[in-house]
Amino acid sequence: MTQIYLRVALDTPLDTSFDYRWPEHEAGADPGADSGADPAVMPQVGQLVALPFGRQEVVGMILEILTETDVPQAKLRDVLAVRHDLPPLNEEWLALCQFAAEYYQRPLGEVALPALPKNLKAIKTVSLQRAMKKLDKLPQQTYVSPSDEPILNAEQQAAVDAVVQSQGFAPHLLFGVTGSGKTEVYLQTAARILAQSADAQVLILVPEINLTPQLEAHIRARFPGLMLSTLHSGMAEGERLLHWLAAHTGRARIILGTRLAMLASLPKLKLLIVDEEHDPSYKQQEGLRYSARDLAVWRGWQLSIPVLLGSATPSLESWQGAQTSRYRLLELRERAVKLAVLPVIKLINLEREKPSEGLTQRLIASIKLRLEKGEQSLLFLNRRGYAPVLACDACGWISNCTRCTAHLVLHKGDHRLRCHHCGLEQRIPHSCPTCGNIDLQPLGRGTQRLEESLAAIFPEARVFRIDADSTRLKGSAAAAFERVHAGEVDILIGTQMVAKGHDFKHLTLVAALNPDAALFSQDYRASERLFAQLMQVAGRAGRAAQKEGGNLSEVLVQTRYPDHPLYHALMAHNYPDFAKDLLDERQQAHMPPFMYQALLRAEAKELETAIAFLKEAATCTEHQGIMINDPIPMTMTRVANVDRAQLLVESVSRPALQAFVKAWIADLRAMKSRVKWSVEIDPVDI
Ligand code: ADP
Ligand code: ZN
Ligand code: ZN
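So the number in the working numbering is just where the residue sits in the sequence shown, counting from 1, plus 7.
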């Protein structure tokens, strides 16, 4: 019998694959009783294997089966066990990981293995068998055509038809105003694709599952006969394995997940849907810094299937794609519910109408009108805590974090000063640490302070706050939104958590308290994000039919800059013009999507060390057609006692940039610097 070798990927930063010897047939040898390994059964590509690695045992993935290897025999080690009870990951999935690895410039093993549930990667595991048994016990699925589908309006119908009738790879951008019924388009498109073949799978990506329990409920109600898998980071490991397996074995027909679901194994995938495709959370911000939206489009191309990206405020990248006909544009111009109209958006000039406790008289009067009619108001303030900083008037002391370039935020409820970046916490000091003054003042306003002010102004109203602090416990966010839907809340205060996707039926007033800061941010994407956020939050108002005698739905934006073009586009509900202006600006300034970028980040105890490393990095690799900028400290330079700096490289050619970064990373590795560094492709936070 010829000797067989396995080439495997391992989860290590070493950018190489590893060869192992497949132990020659030994009757009765059972290297891993729990893993069900049987050396008599040939291993296959895409299977998991337990291996010795250094002094450890690890789990890797088989990439190739070889009859020869360059590794000297003396150095070769034997595979310990093959995980035969898991059906192999298929070639397409491996190709997806390979693409992501190449595009984002990471070793394949660092893409493929972290994409799998932890329980699969344990050396000894019984949970796999247990999960398989559980799945086997589930009843057979039958597709029942949904009986309670609402009749689509003409634009919705055209959108569904376009996607279902498309041939091969077909990326679509569904541009629909808030409340235009994009969800219904997703559901009915999915229904048609699921009905086409008995094993078709549909992947629906959402920015945040816990924030949108409504969607999951809708899917379950619509497809009672089919198995739905959910995949997101908040799941317990056992649960995660079960849902992942359901998808991997093809049992789950609908997979609803956050960005990580993009790397799930979906052997029968026939349709990809990305809801709120502009949302920044599709971009992973550590490790493999991938964009799930971009991978979705690649995956659609790979499998020759339709992709549906939906948003009321598409990312400029996708919008540009639609303008240049790379994507097919599908539009929903009106709200789906009859008599539900887009809210009127008005600006309140803070220079003229002075607010008290952050609230202008006009806003207070508008809230009062809602209270009188039993309608809800939503106040949007994207800053949690009581006040962003505590200060001493006498000596100028302010509550800075000792470990970060940031203030400690005042949290009044539990008497804490807290850093939102490194987690540092202290009790609120009774007096100024520098001069002893006991009259310390909170500066600025967070959601907790707003809650306090509103409760004082409207003692009879039910004021309710939803932010990361109020929903820390598992399940509490869903419960909080439930209260709002049930009408148990009069005034809702929230951060961007409340802006996303919720279909609040009783809401007729939305107010943005002070969104101006983002207008002047150094980050060139800040205005794109602000527009999307305000459009989103404004879109929560007036989603139900206008009630007789009720208030017209309105959105009030308190601002110091009422002449700013962003606010004018917002008032006109005019995303296309806003996008056109931004795209023109970006083109003139040679910025994405007209330019491709990569960012080298460096972290060190001292800023100089990081900068020195980046300076060397700027010259260590030959380059043509690549623009290398100067190294600069990051805006928030210090986080948790580490200084951070960055170096931006750009090119008008994506292939040129890719080739450069590949060579560059090799050179950076060879520098053997002690500085911690990483490269991000298509960075979003610069
Ligand atoms: P979007 O996601 O575009 O903001 P939704 O999908 O949440 O909008 O839809 C808004 C509302 O319109 C929901 O209450 C939904 O049930 C309703 N709706 C959607 N399509 C239709 C339709 N064709 N007929 C009647 N109501 C619809
Ligand atoms: Zn002081
Ligand atoms: Zn800190």
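The beta-carbon is built from N, C-alpha and C at its ideal position, and this holds for glycine as well.
- By the Cβ-count criterion, Leu480 is exposed, with fewer than 16 other Cβ atoms from all chains shown falling within 10 Å of its own Cβ.
- Residue pairing by DSSP places Asp26 opposite Arg14 in a beta bridge.
- With 16 or more other CB atoms across the displayed protein chains lying within 10 angstroms of its CB, Gln54 is buried.
- In this structure, ligand 1 has no non-hydrogen atom nearer than 6 Å to the beta-carbon of Asp155.
- As the crow flies, the alpha-carbon of Trp684 is around 12 Å from that of Thr616.
- Here Leu450 carries a strand assignment [DSSP, helix/strand/coil].
- By the Cβ-count criterion, Ile261 is buried, with 16 or more other Cβ atoms from all chains shown falling within 10 Å of its own Cβ.
- Put simply, the backbone Cα of Asp584 is about 7 Å away from that of Ala576.
- By DSSP's assignment, Tyr297 forms no beta bridge with any residue.
- Rounded to whole angstroms, the Cβ separation of Leu614 and Ala652 is 6 Å, and the two are in contact under 8 Å.
- Leu212 carries a strand assignment under DSSP once its states are collapsed to helix, strand and coil.
- Leu526 has its Cβ no nearer than 6 Å to any heavy atom of ligand 3.
- Excluding residues up to 5 positions away in sequence, Gln163 and Ala343 lie with their Cβ nearer than 6 Å to the Cβ of Gly188 in the same chain.
- With 5 Å as the limit, the residues whose C-beta approaches any heavy atom of ligand 2 more closely are Cys399, Ala401, Cys402, Trp404, Cys439, Thr441, Cys442 and Asn444, in sequence along the chain.
- For His428, the shortest separation between its Cβ and any heavy atom of ligand 3 lies below 6 Å.
- In the DSSP assignment, Gln54 is bridged to no other residue.
- Buried is the label assigned to Val564, since at least 16 other Cβ atoms lie within 10 Å of its Cβ.
- Contact between Ile498 and Ser373 is absent: CB atoms are separated by about 11 Å, not below the 8 Å threshold.
- In this structure the stretch 73–81 lies against the stretch 8–22, because at least three pairs of beta carbons, one per stretch, are closer than 8 Å.
- In this structure, DSSP gives Cys399 an extended state, which the three-state scheme calls strand.
- Shown here for Pro157: same chain residues with a beta carbon closer than 7 Å to its own, the five before and five after excluded, namely Glu191 in chain order.
- Per DSSP, the continuous beta strand (DSSP E) segment holding Thr237 begins and ends at Met234 to Leu238.
- In this structure, the beta-carbon distance from Leu235 to Val281 does not fall below 7 Å.
- Where Leu270 is concerned, there is no enclosing alpha helix (DSSP H), because DSSP gives it neither an H nor an E.
- For Arg651, the beta-bridge partners assigned by DSSP are Glu610.
- Rounded to whole angstroms, the gap between the alpha carbons of Met269 and Ser288 is 13 Å.
- If you draw a 10 Å sphere on the C-beta of Lys144, you find fewer than 16 other C-beta atoms in it, and that means exposed.
- Secondary structure at Ser406: coil, using DSSP grouped into helix, strand and coil.
- Ligand 3 approaches Leu431 closely enough that one of its heavy atoms is under 6 Å from the residue's Cβ.
- By the C-beta density criterion, Gly632 is exposed, having fewer than 16 other C-beta atoms within 10 angstroms.
- As for any alpha helix (DSSP H) of minimum length 4 sitting wholly inside the stretch 442–530, the runs are 454–464 and 483–492, ordered along the chain.
- In the DSSP annotation of this structure, the continuous segment of the beta strand (DSSP E) that includes Met643 starts and ends at Ile639 to Val646.
- In this structure, Asp650 lies near Ala611, with their beta-carbon atoms less than 7 Å apart.
- Taking 7 Å as the cut-off, the Cβ atoms of Lys512 and Ala551 count as close.
- Not one heavy atom of ligand 1 sits closer than 6 Å to the Cβ of Glu223.
- Cβ contact annotation for Asp22 (same chain, cutoff 6 Å, sequence separation greater than five): Pro114, in chain order.
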